[in-house]
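Residue numbers (the UniProt record's numbering): 1 to 123.
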């Protein structure tokens with residue numbers, strides 16, 4: 001049950017990002033299609049973070065130390081753009097227009113919103 005709640009929190013975070021950040025759009029035609037799109041994007045973004053982020057952290061360890069962790073914003077933005085690219089390949093109606101400001105701010109909003117929502121979910 002916890003996984004489903006966290007997935008719902010991530011989907012809600014993507015929804016908040018589409019509302020707050022210009023340049024992030026969901027073009028589904030129905031309400032159920034829109035909800036499904038948010039869930040699909042939450043899954044894709046989660047998988048990108050689970051598989052690619054550790055590799056990037058290991059390879060770019062020096063950059064993380066040199067920038068005091070601020071490079072994480074760029075990495076999150078790049079993963080958000082990758083999510084948009086994968087969504088395009090899978091015909092999911094989700095698009096991020098550009099890297100700056102849409103992808104970086106969108107990833108920041110998704111991260112902060114997910115953190116805030118997951119704070120209320122018990123393990």
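Backbone N, C-alpha and C define an ideal beta-carbon position, used for all residues, glycine too. No experiment lies behind these values; they were computed from the predicted model shown.
(request) Would you mind working out which of 31, 82, 70 sits nearest residue 43, comparing C-alpha positions? (result) Closest by alpha carbon: 82.
(message) Using C-beta distances below 6 Å, list every residue in its chain close to residue 97, excluding the 5 sequence neighbours before and after it, in chain order.
(response) Contacts found: 23.
(message) Less than 7 Å between the beta carbons of residue 40 and residue 92, yes or no?
(response) For residue 40 and residue 92, yes; Cβs fall inside 7 Å.
(message) Can you tell me whether residue 100 is buried or exposed? The criterion is at least 16 other CB atoms within 10 Å of its CB, across all chains shown.
(response) Exposed: under 16 other Cβ atoms inside 10 Å.
(request) Taking only runs that begin and end inside the segment 4-79, name each unbroken beta strand (DSSP E) of 3 or more residues, in chain order. (result) Taking only runs of at least 3 residues, the beta strand (DSSP E) segments lying wholly in the segment 4-79 are 24-26.
(message) Helix, strand or coil, according to DSSP, for residue 85 in the structure here?
(response) Correct three-state label for residue 85: helix.
(message) Starting from residue 109, trace the beta strand (DSSP E) in both directions and tell me its first and last residue.
(response) Premise fails: residue 109 lies in the alpha helix (DSSP H), 104-118, not in any beta strand (DSSP E).
(request) Over the uninterrupted beta strand (DSSP E) stretch that includes residue 92, give me the two end residues. (result) For residue 92, no beta strand (DSSP E) encloses it, and the DSSP letter there is neither H nor E.
(request) Quick one: measure Cβ to Cβ for residue 38 and residue 14, integer angstroms, because I've assumed they're closer than 8 Å. (result) Under the criterion of beta carbons closer than 8 Å, residue 38 and residue 14 qualify as touching, at roughly 5 Å.
(message) Taking 7 Å as the threshold (C-beta atoms), are residue 10 and residue 84 in contact?
(response) Their beta carbons are not under 7 Å apart, which means residue 84 does not touch residue 10 by this criterion.
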